[in-house]
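Asker: Pasting a structure here, questions to come.
Numbering (my numbering), first residue to last: 2 to 397.
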């Protein structure tokens with residue numbers, strides 16, 4: 002909380018203010034861990050910072066924790082109601098910032114194929130590395146700070162899997178059987194980009210580093226945060242390189258209604274978020290393939306000029322292997338030294354047949370959510386193509 006400029010003279014107004022602060026803090030309840038099944042929830046535009054513990058430190062998981070048996074969070078943030086475009090953010094405990102579950106190795110493998118330009122689906126000429134692993138020179142200090150923060154976080158939370166050798170200055174990931182620098186100091190400044198690759202070998206979340214750029218304040222949206230670095234291997238519907246080194250509004254410009262409904266509140270929130278504060282939001286969609294990275298499908302703005310949307314029929318789709326429910330768990334925090342905003346994206350791909358097995362509570366909500374999409378959002382999410390077939394499949 003900010004300091005208040007009280008003087009040495011006690012006034013009636015200062016007594017009132019002190020009383021207000023006392024009851025404000027007395028009303029704070031301890032936050033509980035999120036449910037393993039996540040639904041959507043309402044939230045205010047700006048979260049109450051009084052609920053953020055500035056000194057909150059991640060705690061080690063229980064000694065019985067086993068990543069191989071840890072089920073991924075079931076993330077179903079949709080409602081059986083008309084869709085409303087909101088920020089949809091809520092406070093997040095530092096304990097739940099970065100996660101490891103039974104999908105860990107599978108997703109790290111998929112990420113490695115993308116960031117090393119070795120994906121079996123894409124030709125080498127596509128140069129996936131240049132599209133997904135990006136950084137500007139002014140982002141080097143923030144990237145190095147993030148590396149130290151993430152590695153220490155993993156060592157603190159999962160000490161049975163991330164073992165530090167203080168003599169060699171390394172950390173050994175016992176799940177991948179790989180060894181990495183314990184701190185960024187052991188990597189030359191000009192090799193900072195290598196730290197991004199190393200982070201992608203330890204966390205399955207994609208991460209984007211955003212910074213202010215005073216040299217571009219005269220440009221349109223130049224006072225916003227700019228996408229200056231990170232690994233975005235699981236992008237859906239665009240190539241990250243097309244939005245690299247661009248302001249926040251440009252990154253979100255394809256989203257219908259962003260400019261009029263979200264731009265102002267989003268920029269204000271990015272300015273106000275503080276170190277030690279973590280927030281999260283979720284989204285959902287559907288794709289008719291099993292790829293984590295796709296820059297030419299998933300969204301209708303990927304259609305070429307003159308190309309029309311093809312409406313799928315249920316009998317033409319493979320709901321066990323190809324049609325997937327896709328959701329992103331996005332988190333946001335701010336680094337204390339550089340002031341960079343860090344945006345992480347954890348991507349879930351669930352076969353539609355698996356979602357159907359969740360039963361009517363989930364499937365009926367999902368059907369209602371698809372039907373509740375307004376025309377512009379339905380077009381953006383391309384539900385005009387897959388929606389009828391998915392609804393037909395879930396209702397049968």
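For glycine and all other residues, C-beta sits at the position ideal for the given N, C-alpha and C.
In this text the structure is predicted, and so the values were computed from the model without any measurement.
What does the alpha-carbon distance come out to for the pair residue 286 and residue 169?
Answerer: If you number the chain shown from 1, residue 286 lands on position 285. If you number the chain shown from 1, residue 169 lands on position 168. Cα to Cα, residue 286 sits roughly 45 Å from residue 169.
Asker: Excluding the five sequence neighbours on either side, which residues of its own chain have a C-beta within less than 7 Å of the C-beta of residue 163, listed in chain order?
Answerer: As a working mapping, residue 163 is identified with position 162 in the chain shown. So the list reads 155, 156, 172 and 174, once near-sequence residues are dropped.
Asker: Can you tell me whether DSSP reads residue 153 as helix, strand or coil?
Answerer: Position 152 of the chain shown, counted from the start, is the residue given in the question as residue 153. Residue state, collapsed to three classes: helix.
Asker: If you run the structure through DSSP and keep just helix, strand and coil, what is residue 230?
Answerer: Here residue 230 is taken as the residue at index 229 of the chain shown, counted from 1. Correct three-state label for residue 230: strand.
Asker: Helix, strand or coil: how does DSSP classify residue 107 here?
Answerer: Position 106 of the chain shown, counted from the start, is the residue given in the question as residue 107. Residue 107 falls in the helix class under three-state DSSP.
Asker: At what residue ranges does the segment 187-275 contain a whole run of the beta strand (DSSP E), taking only runs of 3 or more?
Answerer: Counting whole runs of 3 or more residues, the segment 187-275 contains the beta strand (DSSP E) stretches 207-213 and 226-232.
Asker: I'd like the list of long-range same chain contacts for residue 215, defined as Cβ closer than 7 Å, with 5 residues on each side in sequence excluded.
Answerer: Indexing the chain shown from 1 puts residue 215 at position 214. Correct list: empty, nothing qualifies.
Asker: For the candidate residues 206, 126 and 151, whose alpha-carbon lies nearest to that of residue 348?
Answerer: Residue numbering aside, residue 348 sits at position 347 when the chain shown is read from its first letter. The shortest C-alpha separation from residue 348 is found at 206.
Asker: Have a look at the DSSP bridge pairing and note the partners of residue 88.
Answerer: Here residue 88 is taken as the residue at index 87 of the chain shown, counted from 1. DSSP, once it has assigned bridges, lists no residue as partnering residue 88.
Asker: For residue 250 versus residue 264, is the C-beta spacing smaller than 7 Å?
Answerer: Along the chain shown, one-based indexing puts residue 250 at 249. Along the chain shown, one-based indexing puts residue 264 at 263. A contact, by the Cβ cut-off of 7 Å.
Asker: Consider the Cβ of residue 80: report whether some Cβ of chain B lies at a distance smaller than 7 Å.
Answerer: Given the protein chain composition of this structure (a single chain), no chain B is represented.
Asker: Please state whether the Cβ-Cβ distance between residue 356 and residue 326 is less than 7 Å.
Answerer: Working through the chain shown from its first residue, we reach residue 356 at position 355. Working through the chain shown from its first residue, we reach residue 326 at position 325. Taking 7 Å as the Cβ cut-off, residue 356 and residue 326 qualify as a contacting pair.
Asker: Is residue 176 helix, strand or coil when you go by DSSP?
Answerer: Stepping through the chain shown from its first residue, residue 176 is reached at position 175. Coil.
Asker: Count the other C-beta atoms from every protein chain shown that fall within 10 angstroms of the C-beta of residue 322, then say buried if there are 16 or more, exposed otherwise.
Answerer: If you number the chain shown from 1, residue 322 lands on position 321. The residue is exposed, with fewer than 16 neighbouring Cβ atoms inside 10 Å.
Asker: For residue 234 and residue 125, I'd like the C-alpha separation in whole angstroms.
Answerer: Numbered from its first residue, the chain shown carries residue 234 at position 233. Numbered from its first residue, the chain shown carries residue 125 at position 124. Distance between the alpha carbons of residue 234 and residue 125 is about 15 Å.
Asker: Tell me whether residue 128 is buried or exposed, calling it buried when 16 or more other Cβ atoms sit within 10 Å of its Cβ.
Answerer: Sequence index remark: in the chain shown, residue 128 carries index 127 (1-based). Exposed, since its Cβ has fewer than 16 Cβ neighbours within 10 Å.
Asker: If I measure Cβ to Cβ from residue 262 and keep anything under 7 Å in the same chain, skipping five residues before and after, which residues do I get?
Answerer: To locate residue 262, count along the chain shown from 1; it is residue 261. Only 86 meet the Cβ criterion.
Asker: Could you tell me whether the Cβ atoms of residue 1 and residue 270 are closer together than 7 Å?
Answerer: The chain is shown from 2 up to 397; residue 1 falls before or after that span and cannot be answered.
Asker: Identify the residues that DSSP records as bridge partners of residue 333: which are they?
Answerer: On the chain shown, residue 333 is found 332 positions in, with the first residue counted as 1. Looking at the DSSP assignment, residue 333 forms a beta bridge with 280 and 344.
Asker: Check for me: the beta strand (DSSP E) holding residue 166 runs from which residue to which?
Answerer: Numbered from its first residue, the chain shown carries residue 166 at position 165. 163-166 is the span of the beta strand (DSSP E), which, as asked, contains residue 166.
Asker: If you draw a straight line from the C-alpha of residue 274 to the C-alpha of residue 257, how long is it?
Answerer: Locating residue 274 in the chain shown gives position 273, where the first residue counts as 1. Locating residue 257 in the chain shown gives position 256, where the first residue counts as 1. Taking the straight line joining both Cα atoms gives about 25 Å.
Asker: Using alpha carbons as the reference points, say which of 379, 147 and 146 lies closest to residue 398.
Answerer: The question about residue 398 has no answer here: the residues shown for the chain are numbered 2 through 397.
Asker: Look up residue 313 in the DSSP assignment and say whether it is helix, strand or coil.
Answerer: For the purposes of this step, residue 313 is taken as residue 312 along the chain shown, with counting starting at 1. It is coil, neither helix nor strand.
Asker: When burial is assigned at 16 or more other CB atoms within 10 Å of the CB, is residue 187 buried or exposed?
Answerer: For the purposes of this step, residue 187 is identified with residue 186 of the chain shown, where counting begins at 1. Label assigned to residue 187: exposed.
Asker: Would you kindly report the start and end of the unbroken beta strand (DSSP E) that includes residue 136?
Answerer: Position 135 of the chain shown, counted from the start, is the residue given in the question as residue 136. Note, residue 136: beta strand (DSSP E), 134-136.
Asker: Would a C-beta distance cut-off of 7 Å place residue 329 and residue 284 closer than the cut-off?
Answerer: On the chain shown, residue 329 is found 328 positions in, with the first residue counted as 1. On the chain shown, residue 284 is found 283 positions in, with the first residue counted as 1. Going by C-beta atoms, residue 329 is nearer than 7 Å to residue 284.
Asker: Within the same chain, show all residues whose beta-carbon is closer than 8 Å to that of residue 244, passing over the 5 residues directly before and after it, in chain order.
Answerer: Reading the chain shown from its first residue, position 243 is the one you call residue 244. The residues are 228, 251 and 252.
Asker: Classify residue 366 as helix, strand or coil using the three-state DSSP reduction.
Answerer: In the chain shown, residue 366 corresponds to position 365, counting from 1. Three-state result, residue 366: helix.
Asker: For residue 350, does the three-state DSSP call read helix, strand or coil?
Answerer: Within the chain shown, the letter at position 349 stands for residue 350. Correct three-state label for residue 350: strand.
Asker: Give the DSSP-derived three-state secondary structure of residue 61 in the structure shown.
Answerer: Against the chain shown, residue 61 aligns to sequence position 60. Of the three classes helix, strand and coil, the one that applies to residue 61 here is coil, per DSSP.
Asker: How far does the alpha helix (DSSP H) with residue 394 in it extend, from its first residue to its last?
Answerer: Mapped onto the chain shown, residue 394 falls at position 393. Counting along the chain, the alpha helix (DSSP H) containing residue 394 begins and ends at 384-396.
Asker: Spatial neighbours of residue 338 within its chain, please: CB distance less than 6 Å, with the 5 preceding and 5 following residues excluded, ordered by chain position.
Answerer: One-based indexing of the chain shown puts residue 338 at position 337. Excluding sequence neighbours, residue 338 sits near 146.
Asker: With a Cβ-Cβ cutoff of 7 Å, do residue 343 and residue 77 count as a contact?
Answerer: Mapped onto the chain shown, residue 343 falls at position 342. Mapped onto the chain shown, residue 77 falls at position 76. The answer is no: Cβ separation not under 7 Å.
Asker: Pick out whichever of 384, 335 and 292 has its Cα sitting closest to the Cα of residue 314.
Answerer: Numbered from its first residue, the chain shown carries residue 314 at position 313. Closest option to residue 314, Cα to Cα, is 384.
Asker: Going by the CB atoms, is the gap between residue 200 and residue 151 shorter than 7 Å?
Answerer: As a first step, residue 151 must be located in the chain shown, where it is residue number 150. As a first step, residue 200 must be located in the chain shown, where it is residue number 199. Result yes, Cβ atoms of residue 151 and residue 200 sit closer than 7 Å.
Asker: Could you tell me the distance, in whole angstroms, from the CA atom of residue 198 to the CA atom of residue 102?
Answerer: Locating residue 198 in the chain shown gives position 197, counting from the first residue. Locating residue 102 in the chain shown gives position 101, counting from the first residue. Their backbone Cα atoms lie some 20 Å apart in a straight line.
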